[in-house]
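Inspection log for the structure reproduced underneath, given as structure tokens.
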Amino acid sequence: MCKVYLTFNECKVYLTLINWHTSYFAIKLNCGYVQNLIWGNMIEQFFDQSSSSFTYLVSSSKHNACIIDPVKENNEIYIQYLDQHQLNLNFILETHTHADHVTGSGALIDMFGCKTFCGMVSNNTNIETLHDGQEILLDGLNIQAIYTPGHTDDSYSYLLKSPENTYLFSGDTLLINGCGRTDFQNGDPEQLYDSITQKLFSLDADTIVFPGHDYNNATSTTIADQKKTNPRLVNKSKDQFIEIMNNLNLPTPKLMDVAVPLNLKLGKE
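Note that the working numbering has the sequence shown beginning at 3, numbered continuously upward.
Given below as structure tokens:
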């Protein structure tokens, strides 16, 4: 695996190559322009500094792509990347209904005519409600949806396997040395404990974890590392975990009253 990162305005971009054979980068940082010619598949990681949220763009060697957890304010950056790399946006994946930012899904659907996969039940014809274990194909890439409730009741994680590595897009279910809170949106600490310990921690130890947030300048971890170092889970019984989660006393996300109603409509007014 190879990774570099660049910054565009307030959004950092991290590039990870998967199944790659040869690559060439021509970077002109003075004008914020990146030309990236890669023969293979790629994961691009975008970091929204205002919400400490990660967005991911997964692309195939056939120039098709999906976006995971787009932030509406950064849609122009995603569109620029799609255009620069001549990528077609096939679909969008949401890990859950977000409370700290407004999703860009609705606007991207209007522009590209794609659909969104998520755990939310809706009559919106642009939404496909997932089921546990569902497989979503992006050319030769198989993405498996894993139902991981606890942070919210509609939380999903996404597992992508390549010959060299396995990647988990864990949303807010499993963070780097942490996990998502459980005190709103039908969160449940018991469910979260089970989702992490019974589902995610049963994955291969070297699975690379790409979380939905990070607050300490980290970009990824592994299942093995989290089983060894995550302070909310290491040597913690379910009852101890529930006690920790029920006493975090975190402030309400400042955008929650705006973001949640909008995100139930894919971020559209």
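Ideal Cβ placement from N, Cα and C applies to all residues, glycine included.
Selection from the options that minimises the alpha carbon distance to residue i
i	options	result
Asp155	Thr199, Ile138, Asp134	Asp134
Ser107	Ile210, Pro165, His65, Glu130	Glu130
Asp2	Val73, Pro191, Asp227	Absent from the structure is residue 2, since the part of the chain shown begins at 3 and ends at 271.
His103	Leu110, Ser54, Pro151, Ile148	Ser54
Ile225	Phe93, Gly180, Pro72	Gly180
Phe114	Leu143, Ser124, Leu91	Leu91
Asp259	Leu161, Glu46, Ala101	Ala101
Ser197	Ser159, His87, Thr57	Ser159
Gln88	Cys120, Leu143, Thr209, His65	His65
Leu143	Ile45, Asp85, Thr254	Ile45
Leu252	Gly182, Leu132, Asp241	Gly182
Asp208	Leu132, Lys230, Asp112	Lys230
Lys256	Gln47, Glu78, Ser52	Ser52
Thr97	Gln193, Asp241, Phe243, Ile148	Ile148
Phe243	Thr199, Asn218, Asn219	Thr199
Asp112	Asp141, Lys74, Cys120	Lys74
Euclidean distance between Cα positions of residue i and residue j
i	j	result
Asn232	Thr105	28 Å
Asp50	Asn237	33 Å
Thr24	Ser63	Residue confidence for Thr24 is low, a pLDDT of 30 falling below 50, so the modelled location carries little weight; the figure read from the coordinates is stated next. Taking the straight line from one Cα to the other gives about 12 Å.
Tyr169	Arg234	22 Å
Ala67	Pro191	34 Å
Trp41	Pro165	The predicted model places Trp41 with a pLDDT of 38, which falls under 50 and marks its position as unreliable; any figure quoted below should be read in that light. So the alpha carbons of these two residues sit roughly 16 Å apart.
Asn128	Ser239	41 Å
Asn167	Leu268	31 Å
Tyr83	Glu245	43 Å
Gly189	Asp174	11 Å
Gly152	Tyr195	7 Å
Asp85	Leu250	43 Å
Thr118	Lys201	24 Å
Asn43	Gln193	34 Å
Asn219	Thr150	25 Å
Residues near residue i in its chain [Cβ-Cβ closer than 7 Å; skip 5 each side]
i	result
Cys99	Sequence inspection shows Thr at residue 99; the Cys mentioned does not correspond to that position. Cβ within range, chain order: Met122, Thr154, Asp156, Gln187, Val262, Asn265, Leu266.
Pro72	Thr57, Tyr80, Ile94, Thr105, Gly106, Ser107, Leu110
Ser222	Ile210, Val211, Phe212
One or two residues paired with residue i in a DSSP bridge
i	result
Gly173	Pro213
Glu130	Phe119
Phe243	For Phe243, which the question treats as bridged, DSSP gives no partner whatsoever.
Phe56	Phe49
Ile178	Answer by DSSP bridge pairing: none, since Ile178 is not bridged.
Val262	Bridge partners of Val262: none, in fact.
Ala67	Ser61, Leu91
Glu192	DSSP, once it has assigned bridges, lists no residue as partnering Glu192.
Ala147	Tyr160
Glu137	Gln146
Thr254	Partner(s): none; Thr254 has no beta bridge.
Asn224	For the record, residue 224 in the displayed sequence is Thr; it is not Asn. According to DSSP, Thr224 bridges with Ile210.
Thr168	Lys163
Beta-carbon proximity list for residue i, same chain, < 8 Å, skipping 5 on both sides
i	result
His177	Inspection of the sequence shows that residue 177 is occupied by Leu rather than by His. So the qualifying residues of the chain are Pro213, Gly214, His215, Asp216.
Ile145	Val60, Cys68, Leu95, Glu137, Ile138, Leu139, Tyr160, Leu161, Leu162
Ser124	Thr131, Leu266
Asn126	Lys267, Leu268
Gln76	Before going on, a small fix: residue 76 reads as Asn here, not Gln. So the qualifying residues of the chain are Cys13, Phe48, Asp50, Thr57, Gly106.
Neighbourhood of residue i by C-beta distance below 6 Å, restricted to the same chain and skipping five residues each side
i	result
Lys270	Gly108
Met247	Thr184, Pro191
Ser204	none
Ile70	Tyr58, Leu95, Phe171
Cys120	Glu96
Proximity test, Cβ basis, 8 Å: residue i and chain B
i	result
Ile145	In summary, chain B is missing from the structure at hand, where a single protein chain is found.
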